[in-house]
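The end of the sequence shown is residue 503 by this note's numbering, with every number in the run present.
We put the beta carbon where it would ideally sit given N, CA and C, even for glycine.
Structure, as structure tokens:
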Amino acid sequence: MKKLFRFLVWLAVVLVIIIVVKTLLFKSLQQDFSSPEPVVFGDESVNRLSEAVKFPTISYAVDSPVDTAAFMGYMEFLGDKYPLVHSKLKREVINGLSMLYTWEGSNRSAGALVLMAHYDVVPPGDTALWEKGPFSGYNDGTYIWGRGTLDDKAAMISVLEATEKLLSEGFTPERTVYLSFGHDEEISGVRGAGTIAATLRERGVKVDFVLDEGMAVTKGMVPMIKKPVALIGTSEKGYISVRLSCGMPGGHSSTPEKESALTLIAGAVDRLNKNQMKPQLSGPVNDFIRYVGPEMPFYAKVIFANKWLFKKLLLGIYTGSASGNALVRTTTAPTIISSGVKDNVIPVTAGAVVNFRILPGQNSGDVLDHVKRTVNDERIIIEPAEDFINEPAPFSPSNTTGFRAIFKTIREIYPEAVVAPTLTLSASDSRHFSQVTNNIYRFAPLMMTSEDMARVHGLNERTMIADYLRGISFYYRLLKNSQ
Ligand SMILES: [Zn+2]
């Protein structure tokens, strides 16, 4: 007994030593770079974003008509405002409304860089509820207001501002730079970015890396870190909706059978909700932990530095909140349920739709298997609810030239921020580019609080002028740092 006790004490001591050593070796991955000469972007750059917002380039739904005049007007506006871009770069119009610019590099053998953005926006909702008109581009001295000031015209205009400036300075990139600007990101991006990516693939273009929207410099959004955290998306979750349907004899509600189509579907939805897919630490989230963990207070660092021991605890912490849960799990969200016509008639059919966002490392087949296993009732038909299923995007590593260039540029422009790779929860146009490269990064130079987040696709979208100008410098430096 005594021996066993002594053994356990020793074991505990060894364990504590390992934990402490691992924590001490869990070193910061943040590097410092000397600040570059600041480049000044002023009122004219601000006015051009204001004007860009005035074109109501709205995407409504797949196959629904768009205000072509607004899209064409916007394209013409770009031609007017960015004369050097339009005389020195080759512009191709893809599917009528998307644009691909080629900035030929001096070194033909170097892989290309693709900077992406989209200029369609979601509908504004009830315009009367906006403090300033959604297509006013109103400048109140601190903010520019309107649809697209966060998602995603600001990024597109910033890329063009930076490119125009570099051209005016006689800069020629070493690697070829493509600017890919889509017109239908909000409704799948198939005609825009999808076609541009396919075009590059057909031409055999060697792409070194892609940068698109997705994540930002967040403020107060990463628990236990006071500093801003600039997040770079290195994969994005997949998407599948599954339809459950069932037909059963109905009857009068005065003499109900034990089961009906409705009760079967309700039970199936309940089982799916109670038995969700298991949480896991995917590649991008493991990287996130490596980069943010060392910046945390000691007690948290102990857990993050010792994943081998505290993995369960870590997953428990993540699954405790809705946003954390989404980072570590294929989420299950019942979104539609339908059955019944009259209060005293037992319905003969019932159906439900459940939306899943798929974690990298799993796929739509795994989700369907999980649904079949969990529902476990042959009377219920299970099938994908829509044509479009997105598999999770491939995991882009953080040891590439592209990642390093983005990392360095963020640290130069936002030296106060911690930089970390992570998993993007929403979809972006960049997924179409997985046919040309494995190195796809999702970051737009925006400063975001959770309050700003709600403005994206919500009311009162606006961007702080100072942040927008900083964003232009980000692309300006990135183009230099990527050479
Ligand atoms: Zn967007």
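Taking the C-beta atoms as reference points, Q300 is found nearer than 8 Å to G381.
Distances between the C-beta of E233 and the heavy atoms of ligand 1 include at least one below 7 Å. DSSP places A250 in the uninterrupted beta strand (DSSP E) bounded by V249 to E256.
Check the Cα spacing between A236 and each of R462, A474 and E471: the tightest is with R462.
A straight-line Cα-Cα distance of about 5 Å links E194 and S126.
Counting along the chain, no beta strand (DSSP E) covers E71; the unbroken alpha helix (DSSP H) around it starts and ends at D63 to V73.
In this structure, H203 has its CB at a distance of at least 7 Å from all heavy atoms of ligand 1. If you check the CB distance, R377 and T394 do not come in under 8 Å. Residue state for D307 is assigned as helix, using DSSP reduced to three classes. Collapsing the DSSP output to three states places V142 in coil. Fully contained in the region 284-369 are the following alpha helix (DSSP H) runs of length 4 or more, in chain order: 303-312, 318-325, 327-339 and 342-348. The beta-carbon distance between T369 and S265, rounded to whole angstroms, is 7 Å. This is short enough to meet the 8 Å contact definition.
Linking E124 to L109 through their CA atoms gives a straight-line distance of about 7 Å. Secondary structure of K110 (DSSP, three-state): strand. When DSSP states are grouped into helix, strand and coil, E403 belongs to the strand group. Inter-residue distance for F229 and V40 is about 38 Å (C-alpha atoms, whole angstroms). Taking all protein chains shown into account, S448 has 16 or more neighbouring C-beta atoms within 10 Å of its C-beta and is therefore buried. Y495 sits in a helix when the DSSP states are folded into three classes. Secondary structure of D232 (DSSP, three-state): strand.
Nearest Cα to P417 within the set G303, I400 and V197: G303. Nearest Cα to L498 within the set E64, S470, T254 and L186: L186. Assignment of V476 by DSSP, reduced to helix, strand and coil, places it in the coil class. The three-state reading of DSSP puts Y488 in helix, counting H, G and I together. Secondary structure note for F27: its alpha helix (DSSP H) is the uninterrupted segment K22 to L44. Here DSSP, grouped into helix, strand and coil, assigns P103 to helix. For the options D160, P144, K321 and E189, the alpha carbon positioned closest to that of S79 is the one of P144. Excluding its 5 nearest sequence neighbours in each direction, V476 has C-beta neighbours in its own chain below 6 Å: L170 and D171, listed in chain order. In the three-state reduction of the DSSP assignment, T88 falls in the helix class.
Taken atom to atom, the span from the alpha-carbon of E96 to that of G190 is near 24 Å. Excluding residues up to 5 positions away in sequence, D172, M176, F201, G202, H203, D204, E205, E206, G209, G212, A213, E233 and D449 lie with their Cβ nearer than 8 Å to the Cβ of H138 in the same chain.
Within the chosen limit of 7 Å, ligand 1 reaches the beta carbon of H138 through at least one heavy atom.
By the CB criterion at 8 Å, N293 and P367 fall outside the cutoff.
In terms of Cβ geometry, Y311 and L49 form a close pair [threshold 8 Å]. About 5 Å separates the beta carbons of P414 and S454, which is inside the 8 Å limit, making them a contact pair. Between F61 and I492, the gap from beta carbon to beta carbon is short of 8 Å. Buried is the label assigned to K257, since at least 16 other Cβ atoms lie within 10 Å of its Cβ.
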